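2 protein chains.
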Amino acid sequence: MARYTVLKTEGRARRAEFETVHGTIQTPVFMNVGTAAAIKGAVSTEDLENIGCQVQLSNTYHLHVRPGDELIKSLGGVRSFMSWKGPVLTDSGGFQVFSLASIRKIKEEGVTFNSHVDGRRIFMGPVESMRIQSNLGSTIAMAFDECPSSRAGREYVEASVARTTRWLYRCRDELSRLNLLEDTVNREQLLFGINQGAIFDDIRIDHAKRISELDLPGYAIGGLAVGETHEEMYHVIEQVTEYLPKDRPTYLMGVGTPLNILEAVERGIDFFDCVYPSRNGRHGHVYTKKGKLNLFNKQFEADSSPIEEGCSCPACRRYSRAYIRHLLKAKEMLGMRLCVLHNLWFYNHLMGDIRKALDENCFASFKKEMTESMSEEAGGRG
Amino acid sequence: MARYTVLKTEGRARRAEFETVHGTIQTPVFMNVGTAAAIKGAVSTEDLENIGCQVQLSNTYHLHVRPGDELIKSLGGVRSFMSWKGPVLTDSGGFQVFSLASIRKIKEEGVTFNSHVDGRRIFMGPVESMRIQSNLGSTIAMAFDECPSSRAGREYVEASVARTTRWLYRCRDELSRLNLLEDTVNREQLLFGINQGAIFDDIRIDHAKRISELDLPGYAIGGLAVGETHEEMYHVIEQVTEYLPKDRPTYLMGVGTPLNILEAVERGIDFFDCVYPSRNGRHGHVYTKKGKLNLFNKQFEADSSPIEEGCSCPACRRYSRAYIRHLLKAKEMLGMRLCVLHNLWFYNHLMGDIRKALDENCFASFKKEMTESMSEEAGGRG
Numbered sequence: 004m005a006r007y008t009v010l011k012t013e014g015r016a017r018r019a020e021f022e023t024v025h026g027t028i029q030t031p032v033f034m035n036v037g038t039a040a041a042i043k044g045a046v047s048t049e050d051l052e053n054i055g056c057q058v059q060l061s062n063t064y065h066l067h068v069r070p071g072d073e074l075i076k077s078l079g080g081v082r083s084f085m086s087w088k089g090p091v092l093t094d095s096g097g098f099q100v101f102s103l104a105s106i107r108k109i110k111e112e113g114v115t116f117n118s119h120v121d122g123r124r125i126f127m128g129p130v131e132s133m134r135i136q137s138n139l140g141s142t143i144a145m146a147f148d149e150c151p152s153s154r155a156g157r158e159y160v161e162a163s164v165a166r167t168t169r170w171l172y173r174c175r176d177e178l179s180r181l182n183l184l185e186d187t188v189n190r191e192q193l194l195f196g197i198n199q200g201a202i203f204d205d206i207r208i209d210h211a212k213r214i215s216e217l218d219l220p221g222y223a224i225g226g227l228a229v230g231e232t233h234e235e236m237y238h239v240i241e242q243v244t245e246y247l248p249k250d251r252p253t254y255l256m257g258v259g260t261p262l263n264i265l266e267a268v269e270r271g272i273d274f275f276d277c278v279y280p281s282r283n284g285r286h287g288h289v290y291t292k293k294g295k296l297n298l299f300n301k302q303f304e305a306d307s308s309p310i311e312e313g314c315s316c317p318a319c320r321r322y323s324r325a326y327i328r329h330l331l332k333a334k335e336m337l338g339m340r341l342c343v344l345h346n347l348w349f350y351n352h353l354m355g356d357i358r359k360a361l362d363e364n365c366f367a368s369f370k371k372e373m374t375e376s377m378s379e380e381a382g383g384r385g
Numbered sequence: 004m005a006r007y008t009v010l011k012t013e014g015r016a017r018r019a020e021f022e023t024v025h026g027t028i029q030t031p032v033f034m035n036v037g038t039a040a041a042i043k044g045a046v047s048t049e050d051l052e053n054i055g056c057q058v059q060l061s062n063t064y065h066l067h068v069r070p071g072d073e074l075i076k077s078l079g080g081v082r083s084f085m086s087w088k089g090p091v092l093t094d095s096g097g098f099q100v101f102s103l104a105s106i107r108k109i110k111e112e113g114v115t116f117n118s119h120v121d122g123r124r125i126f127m128g129p130v131e132s133m134r135i136q137s138n139l140g141s142t143i144a145m146a147f148d149e150c151p152s153s154r155a156g157r158e159y160v161e162a163s164v165a166r167t168t169r170w171l172y173r174c175r176d177e178l179s180r181l182n183l184l185e186d187t188v189n190r191e192q193l194l195f196g197i198n199q200g201a202i203f204d205d206i207r208i209d210h211a212k213r214i215s216e217l218d219l220p221g222y223a224i225g226g227l228a229v230g231e232t233h234e235e236m237y238h239v240i241e242q243v244t245e246y247l248p249k250d251r252p253t254y255l256m257g258v259g260t261p262l263n264i265l266e267a268v269e270r271g272i273d274f275f276d277c278v279y280p281s282r283n284g285r286h287g288h289v290y291t292k293k294g295k296l297n298l299f300n301k302q303f304e305a306d307s308s309p310i311e312e313g314c315s316c317p318a319c320r321r322y323s324r325a326y327i328r329h330l331l332k333a334k335e336m337l338g339m340r341l342c343v344l345h346n347l348w349f350y351n352h353l354m355g356d357i358r359k360a361l362d363e364n365c366f367a368s369f370k371k372e373m374t375e376s377m378s379e380e381a382g383g384r385g
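Those protein sequence lines, which keep their order, are chains A and B.
Using my numbering, you'd call the opening residue of the first sequence number 4 and step up by one each time.
Using my numbering, you'd call the opening residue of the second sequence number 4 and step up by one each time.
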């Protein structure tokens, strides 16, 4: 079992360590999203090591569809496959099944759907998700859940959450069984449960209580940043974290902007992931402590300064805004890569600054300062 | 003036050094093609340093059209722009003007054509090309020439070559003038002349003699690998190198496969450039000492070995054929990048092996060994 040790607190914000079989994670942490076992934007695992990434996140659905989890198992699991020595978290596939694939049918055992790659009919439920994630051999496996729309009606959400609870028991039982097998890639694979309930406080809280009963090594809050307002999101986090075990890490799935992260840390969140830094980077949108810049803008045409003065990322160490803008305009892949590297560095180092502020008991003033200097950005789970 | 020092010879093959204001080049050398001031495939200048690149080549036409040579001059020249400390060679734009752009009119002073980016009407001739290359501030500027088709008739080629000779005088005079100006980026910029003449021996030889009279710091053989056979190409090289100055480096433009390079070194060539390694890499075709592999092939699906056993390139050091194949199939940019890095490493290190063989007086046996182990590949200037 992984050990979660709280080192410092400031209000509800927690500075902690999470020890896993693949290394100790310093939290709060941002997990870098490598959907298909690679960060989009030609970022290699060597790059990940150089930009301060602690945890890499890969997508179960994508890897199941291509190249296949059996293949990855035969090559030693996803960490060996992509040559990443640190911890890996895999999502359950649920989010992608419900958003990307064309769904045929939901039943108690899972979902029948068509692959977005080749249209092939696939069945995935809690048992299948655990088997796939076990084949991938990630450090942390996520429970298979349904993520209802933030606009779904109460009745739908209630039924969906009840099924997600039943699915969690199936997940736990199946992963326990798999972890005992001789040829399992990572026999110490951890399961995190996921809280759902859209924006209904009572459903969220009731669900948080129910999943806490399983005493899992960690819990996530899912179904946020899918269309609700930031205020609704912060409210749900505040409500739910009260009812999740205090001695376990909490992961806010798919969130978010730097400001979202600061707000969520304040409300007790430890783990984050989001496609923003890589997706924005591929579009030439780069983060600075004074807000985002769009490097396509004409104003950067002859700008010999780095993306952010004082930044030591692989892009800012050598290249000017003018050069990167030229690469983006000329559709040179290097332009995207440099922006993605900068953005991931920015996110990973923001988390480092947050941890340092918590270590030094000055998170509140750090948050205030950052919030004032950065302009607000759009939300979304991605 | 740059100094070319022959260190060893074996038959007509030469192992030499070429000292420039931006560093000493060990020859024979392969120049890595960064068309728009970046190697395609998300390869950074930092990567170039790590894969053994000595000289980076950029394209005058592309940089003139976008982002503009005046802009690059204002940012300190192309070396400063792309953060590359070593020598840079710029082509003259002639090849692209005659192949990429839609030509409106050729006259004595140059060519009117439409930009391939925005259709804008542009005039470029020897004087314009020198001004642009001076703005780019490359180490070596290439003369503005016309590269007639290998299938062009004798009459056309004769007239074209005579004009290319006249253009060379204009280039020399203009670059001499520019190198005296106070605000010139690189006042020690070198001019290489270019031999043309399609596959007509007498025109080629006569042209080689004429351009040799200018006593330039280096000479190139252009207009090869544009459709003629390998035997015709080797024959032209043999004929022409006899009549170019022996105390100057010779550059075979746009060539070629590893076997082409071995044959050309044997015939006295010092400088090479070719888009093959980067273009092939982007298509998943990778070089090994036993020939090329297509990593899209199913046979590599579960292959845990590196592209080439024993290779120390950034791709082979960490990643398997199976992983890279997955990335290529999933259209992850990282797949292209790893293949391009491997291929450029392969080319740069092939040149290192050639130099070592010449140093040790065993080029003939090295060439025989490599030729036997590698299978023949297609030609083309690209």
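For each residue, glycine too, the CB sits at the ideal point set by N, CA and C.
Predicted model only: the values in this text are computed from it and were never measured.
Taking Cβ positions only, does residue i come closer than 8 Å to chain B?
i	result
Pro252 (chain A)	no
Leu337 (chain A)	yes
Arg321 (chain A)	yes
Ser163 (chain A)	no
Lys43 (chain A)	yes
Gly385 (chain A)	Here the model assigns Gly385 (chain A) a pLDDT of 30, short of 50, so the residue's position is not dependable and the matter cannot be decided.
Below 7 Å, is the gap between the Cβ of residue i and the nearest heavy atom of the ligand HEM?
i	result
Leu255 (chain A)	The ligand HEM is absent from the structure shown, which contains no ligand whatsoever.
Using a 10 Å radius around the Cβ and a threshold of 16 neighbouring Cβ atoms, would you call residue i buried or exposed?
i	result
Arg107 (chain B)	exposed
Ala381 (chain B)	Caution is warranted here: a pLDDT of 41 is assigned to Ala381 (chain B), below 50, making its placement in the model unreliable, and the coordinate value is therefore given only provisionally. Flag for Ala381 (chain B) reads exposed.
Gln302 (chain A)	exposed
Ala367 (chain A)	exposed
Ser137 (chain B)	buried
Arg384 (chain B)	Any reading at Arg384 (chain B) is ruled out, since the residue's pLDDT is 34, under 50, leaving its predicted position unreliable.
Ala39 (chain A)	buried
His25 (chain A)	buried
Asn263 (chain B)	buried
Ala19 (chain B)	buried
Ser315 (chain A)	exposed
Asp450 (chain B)	No answer is possible for residue 450 (chain B): it lies beyond the span of chain B, which begins at 4 and ends at 385.
Asp276 (chain B)	buried
Are the beta-carbon atoms of residue i and residue j separated by less than 8 Å?
i	j	result
Phe21 (chain A)	Thr12 (chain A)	no
Val46 (chain B)	Arg340 (chain B)	yes
Ser95 (chain A)	Phe147 (chain A)	yes
Leu347 (chain A)	Pro280 (chain A)	yes
Leu181 (chain A)	Arg134 (chain A)	yes
His2 (chain A)	Val289 (chain A)	Nothing about residue 2 (chain A) can be reported from this structure: the residues present for chain A run from 4 to 385 only.
Val243 (chain A)	Arg207 (chain A)	yes
Gln57 (chain A)	Ile28 (chain A)	yes
Gly55 (chain B)	Cys150 (chain B)	no
Arg270 (chain A)	Ile240 (chain A)	yes
Bridge partners of residue i, per DSSP?
i	result
Val91 (chain A)	A:Gln59
Val289 (chain B)	B:Leu296
Leu255 (chain A)	A:Ile224, A:Phe275
Ser301 (chain B)	It should be pointed out that residue 301 (chain B) corresponds to Lys in this sequence rather than to Ser. In the DSSP output, where bridge partners are listed per residue, Lys301 (chain B) has none listed.
Ile42 (chain B)	B:Val46
Leu193 (chain B)	B:Ile143
Gly26 (chain B)	B:Thr23
List the residues of chain A that residue i touches, going by C-beta distances under 7 Å, in chain order.
i	result
Val46 (chain B)	Leu337
So which residues on chain B does residue i lean against when the C-beta distance must stay under 9 Å?
i	result
Arg69 (chain A)	His329, Lys332, Ala333
Cys40 (chain A)	Residue identity check: residue 40 (chain A) is Ala in the sequence provided, not Cys. By Cβ distance, chain B contributes Tyr326, His329, Leu330, Ala333, Glu335.
8 Å is my cut-off, CB to CB: does residue i come that close to chain A?
i	result
Pro317 (chain B)	yes
Glu304 (chain B)	yes
Phe84 (chain B)	yes
Glu49 (chain B)	yes
List the residues of chain B that residue i touches, going by C-beta distances under 7 Å, in chain order.
i	result
Ser307 (chain A)	Leu78
Anything in chain A within Cβ reach of residue i, meaning under 9 Å, just list it in chain order.
i	result
Leu74 (chain B)	Glu304, Ala305, Ala325, His329
Could you tell me which chain A residues have their CB closer than 8 Å to the CB of residue i, listed as they occur along the chain?
i	result
Glu52 (chain B)	Residues of chain A passing the Cβ test: none, with the nearest at roughly 10 Å.
Going along chain B in order, which residues have a C-beta closer than 8 Å to the C-beta of residue i?
i	result
Arg340 (chain A)	Ala45, Ser47, Met336, Arg340
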